[in-house]
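**Q** Position 251 of the sequence shown, counting from 1, maps to 251 under the UniProt record's numbering, and the rest follow consecutively.
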Amino acid sequence: MVSGSDWAEYWRDAQRPVEAMRAHFTRHVFHRHSHDAYSFAVTESGAQRFTCRGAGHTSAAGMVMAFNPDDPHDGQSVFESGFTYRIVHIGAQVVREVLADAAGDEAGRAVLPLFDEPVREDPALGRALARLHHTLVAGQGRPAATLAREERLSAAVLAVVRRGATRAPQFARPGAALPAARRAAALLAEAGPAEVTTAELAEAAGCSRFVLYRAFQAAYGMPPSDYQRLLRLRAARRLLARGVPPARAAAEAGFADQSHLHRWFVRCYGVTPARYQRATVA
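1) Compare the Cα-Cα distances from Arg-162 to each of Ala-241, Gly-75, Trp-264, Ala-66 and report the closest residue.
2) If you drop the 5 nearest sequence neighbours on each side, which residues of the same chain put their C-beta closer than 6 Å to that of Phe-40?
3) Does the beta-carbon of Ala-172 have 16 or more other beta-carbons within 10 angstroms, so that it is buried, or is it exposed?
4) At a cut of 8 Å, does the stretch 264-278 reach the stretch 216-227 through at least three beta carbon pairs?
5) Quick one: is Pro-273 buried, meaning 16 or more other Cβ sit within 10 Å of its Cβ, or exposed?
6) Taking the alpha carbon of Thr-26 as the point to measure from, which residue in Trp-7, Asp-13, Gln-15, Asp-36 has its own alpha carbon closest?
7) So, at 8 Å on beta carbons, what are the nonlocal neighbours of Ala-47 in its own chain, with the 5 sequence-adjacent residues on each side left out?
8) Closer than 7 Å by C-beta to Met-222: which residues in its own chain qualify, once you throw out the five before and the five after it? Chain order, please.
9) Please confirm whether His-28 and Pro-69 have their CB atoms less than 8 Å apart.
10) Does DSSP put Thr-135 in a helix, in a strand, or in coil?
11) Suppose contacts are defined by Cβ-Cβ distances below 8 Å. Is Ala-235 in contact with Gly-192 by that definition?
12) Enumerate in chain order the residues of its own chain whose CB-to-CB distance from Leu-231 is below 7 Å, with the five nearest sequence positions on each side excluded.
13) Would you mind working out which of Ala-20, Val-196, Arg-131, Leu-158 sits nearest Tyr-269, comparing C-alpha positions?
14) For the beta strand (DSSP E) containing Glu-121, name the first residue and the last one.
15) Below 8 Å CB to CB, which residues in the same chain sit around Leu-239 once its five sequence neighbours on both sides are set aside?
16) I need the DSSP call for Glu-44, collapsed to helix, strand or coil.
17) In chain order, what residues of the same chain lie with their CB nearer than 7 Å to the CB of Leu-125, ignoring the 5 residues before and after it?
18) Check for me: the alpha helix (DSSP H) holding Glu-9 runs from which residue to which?
19) Looking at the strands, I want to know which residues DSSP matches up with His-57.
20) Do Ala-23 and Tyr-85 have their beta-carbon atoms positioned less than 8 Å apart in this structure?
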């Protein structure tokens, strides 16, 4: 839980998939999870270590982190004194719109960026992200702040793409296993809060359970059960953002009860469902 010397402040946009958090964690350990958006963060003090794409990384003060949508990662403090960081989650469509606008592409066909390195030392980029975060949070509720938010959002997205993106998106080559994993993932998404058995997943995937587990882990960086919980967490976030009470959101998203949602929400996102819902909406 976020308690004691740990704290977190959260902000979200009511109209677009843009969210921001500033937090300090000493004892909190992020369970392995991912986001359905790009996540860009800057460590302000201390250091945090995490695993992403099969390798361990450390982000110290001033360093920048960049996660692609669906990049599984965890995280915890390196030192007993903890770490403080700012993070912004930006939906892929928002990123595409910014890049298309910069390229003069009215059709909005800009190719989404891909970030190979989840952490880098880039003070200028860190400052751009910090400015965006400050504008998102400090400018809430002020009409004149809308333009500033748009300007700094565009500036930060362009900066992180120009300075951090390593190549255009590349998709895994089609093979026997990848389509199987995708069919299983589609079934989990369609089922939503309903329970799905491994036999049903394997049948939908058209392969054995063993092959499915290996294919799913390779494709999504986590087993099907973790992916199912992640989908339910995302569903709960959407419900909470619409003002649905946490207990009802937990039930509708497929969690056993409110405490079950609370526990996993904190483990994966660093804030409680209630705190997320109370985030000031601009």
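For every residue, glycine included, the Cβ atom is placed at its ideal position computed from N, Cα and C.
**A** The relevant details are as follows:
1) Ala-66
2) Ala-66, Val-88, Leu-129, Val-160
3) Only weak support exists for where Ala-172 lies, its pLDDT of 47 falling under 50; the coordinates are left without a value.
4) no
5) buried
6) Trp-7
7) Thr-58, Ser-59, Ala-60, Ala-61, Ser-77, Val-78, Phe-79, Phe-83
8) Arg-32, Pro-72
9) no
10) helix
11) yes
12) Leu-188, Ala-189
13) Ala-20
14) 119-121
15) Arg-248, Ala-249, Glu-252, Ala-253
16) strand
17) Val-64, Ala-159, Val-160, Arg-163, Gly-164
18) That residue, Glu-9, is in no alpha helix (DSSP H); its beta strand (DSSP E) goes 7-12.
19) Phe-50
20) yes
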